[in-house]
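Numbering (this note's numbering), first residue to last: 1 to 300. Below: one structure, written as structure tokens.
Now the structure itself:
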């Protein structure tokens, strides 16, 4: 979908990643307001231009230094990306948009159940926390995600790819329990517990008060199969890698990797709240749409 509308006061070149007026109307009230009493010279680049520049890097996957000249200068765009990460702006916008999307869908603002999974992804050379995932035969990093039943991210953690699911699961579940006291049930795949080691399930129940339920795959089934509950987080991982910046992990710092994932979700949720649609075309998304329509019909 060409998510672009050059109306309004936006006279710059329009890219598919650019904010439309409807999207900007959603994001503008959430942007931090500068306290003029603290002084300082006026800003040269507005928030909309900075966001357009960051979204361009996210969607195109290009290096910061290769952005088009009619966007913000690379150093300015990267500086604000880092500033908003450090001062919590990305977190605040992401969490507020998630609550709004849930309310718009008829859900409670805070979730009570979630889905856990991890994705090993190749990384560029250099940077911190690079390792080798023996199971996936991948050198790079691992993205640990906890999403709600709509596929919206609750907690994200990026580690070395060598971190196994069970120790990684403990760390991200601890973050989840700290951030969301309403979560009582988490679905996960067999990598987080098996007949040999199921200590994660006991630890989560006793220490965090969270019931972790394992959704197992039938070994008799060959090829692709959509599994109950697990398809939700698999779809979210698919949403992320459609942004070329996230097809690999190009960030040198894991905190920047986590921030870029949240930026991707911010853009996705903004599109939804602006009343626009994105059409995906793969097996997981088609099956997800079928299941969602079936749930809606059963709820009527």
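Beta carbons: idealized from backbone N, C-alpha and C, even for Gly.
Worksheet item: Is residue 302 helix, strand or coil when you go by DSSP?
Response: Absent from the structure is residue 302, since the part of the chain shown begins at 1 and ends at 300.
Practice prompt. Give me the Cα-Cα distance between residue 193 and residue 149, rounded to the nearest whole angstrom.
Written response: Taking the chain shown and counting its residues from 1, the one referred to as residue 193 is at position 193. Taking the chain shown and counting its residues from 1, the one referred to as residue 149 is at position 149. About 21 Å.
Discussion item. Report the start-end ranges of each alpha helix (DSSP H) in the segment 70-145 that is 4 residues or longer and not cut off at the edges.
Written reply: Correct list: 74-86, 89-104.
Discussion item. For a minimum of 3 consecutive residues, which ranges assigned as the beta strand (DSSP E) are wholly contained in the segment 240-264?
Written reply: Within the segment 240-264, no complete beta strand (DSSP E) run reaches 3 residues.
Item to complete: Note the first and the last residue of the continuous beta strand (DSSP E) segment covering residue 188.
Response: For this step, residue 188 is matched to residue 188 along the chain shown. Residues 185-188.
Worksheet entry | CA nearest to the CA of residue 49, picked from 73, 90, 198 | Position 49 of the chain shown, counting from 1, holds the residue named residue 49. Measuring from the Cα of residue 49, the nearest candidate turns out to be 73.
Worksheet item: Which residue from 27, 199, 253 puts its Cα closest to that of residue 89?
Response: The residue labelled residue 89 in the question sits at position 89 within the chain shown. Among 27, 199, 253, the Cα nearest to that of residue 89 is on 27.
Practice prompt. Tell me whether the beta-carbon of residue 107 lies closer than 8 Å to the beta-carbon of residue 254.
Written response: Numbered from its first residue, the chain shown carries residue 107 at position 107. Numbered from its first residue, the chain shown carries residue 254 at position 254. Contact flag unset, no.
Item to complete: Would you kindly work out how many angstroms separate the C-alpha atoms of residue 17 and residue 104, rounded to a whole number?
Response: The count along the chain shown starts at 1 and reaches residue 17 at position 17. The count along the chain shown starts at 1 and reaches residue 104 at position 104. When rounded, the distance between both Cα atoms is 24 Å.
Fill in: Alpha-carbon to alpha-carbon, residue 257 and residue 242
As a first step, residue 242 is located in the chain shown; it is residue number 242 there, counting from the start. As a first step, residue 257 is located in the chain shown; it is residue number 257 there, counting from the start. Using only the alpha carbons, I get a separation of about 15 Å.
Worksheet item: Counting along the chain, where does the alpha helix (DSSP H) carrying residue 54 start and finish?
Response: Within the chain shown, residue 54 is the residue found at index 54, counting from 1. Looking at the DSSP string, the run of the alpha helix (DSSP H) that includes residue 54 is 47-60.
Worksheet item: Under 8 Å, do residue 191 and residue 165 count as touching if we go by C-beta distance?
Response: Taking the chain shown and counting its residues from 1, the one referred to as residue 191 is at position 191. Taking the chain shown and counting its residues from 1, the one referred to as residue 165 is at position 165. It is a contact, given that the beta carbons lie within the stated cut-off.
Worksheet item: Helix, strand or coil: which one does DSSP assign to residue 276?
Response: Stepping through the chain shown from its first residue, residue 276 is reached at position 276. Coil.
Discussion item. Between the alpha carbons of residue 120 and residue 100, how many angstroms are there, rounded?
Written reply: The residue labelled residue 120 in the question sits at position 120 within the chain shown. The residue labelled residue 100 in the question sits at position 100 within the chain shown. Looking at the backbone, the Cα of residue 120 and that of residue 100 are separated by about 30 Å.
Worksheet item: How big is the Cα-Cα spacing for residue 214 and residue 265?
Response: Looking up residue 214 in the chain shown gives position 214. Looking up residue 265 in the chain shown gives position 265. It is roughly 26 Å from the alpha-carbon of residue 214 to the alpha-carbon of residue 265.
Worksheet item: Where does residue 233 fall in DSSP's three states?
Response: Position 233 of the chain shown, counted from the start, is the residue given in the question as residue 233. For residue 233, the three-state secondary structure derived from DSSP is helix.
Discussion item. Please state whether the Cβ-Cβ distance between residue 274 and residue 82 is less than 8 Å.
Written reply: Within the chain shown, residue 274 is the residue found at index 274, counting from 1. Within the chain shown, residue 82 is the residue found at index 82, counting from 1. No; because the gap between Cβ atoms is not below 8 Å, this pair is not in contact.
Worksheet item: So what does DSSP say about residue 153, is it helix, strand or coil?
Response: For the purposes of this step, residue 153 is taken as the residue at position 153 of the chain shown. Looking at residue 153 - three-state DSSP - the assignment turns out to be strand.
Worksheet item: Can you name, in chain order, every residue of its own chain whose Cβ lies under 6 Å from the Cβ of residue 93, other than the five neighbours on each side?
Response: To locate residue 93, count along the chain shown from 1; it is residue 93. Hits under 6 Å: 30, 266.
Worksheet item: Are the beta-carbon atoms belonging to residue 97 and residue 269 less than 8 Å from one another?
Response: Numbered from its first residue, the chain shown carries residue 97 at position 97. Numbered from its first residue, the chain shown carries residue 269 at position 269. Between residue 97 and residue 269, the C-beta spacing is below 8 Å.
Worksheet item: Around the Cβ of residue 152, are there at least 16 other Cβ atoms within 10 angstroms (buried) or fewer (exposed)?
Response: Locating residue 152 in the chain shown gives position 152, where the first residue counts as 1. Buried, by the Cβ-count rule.
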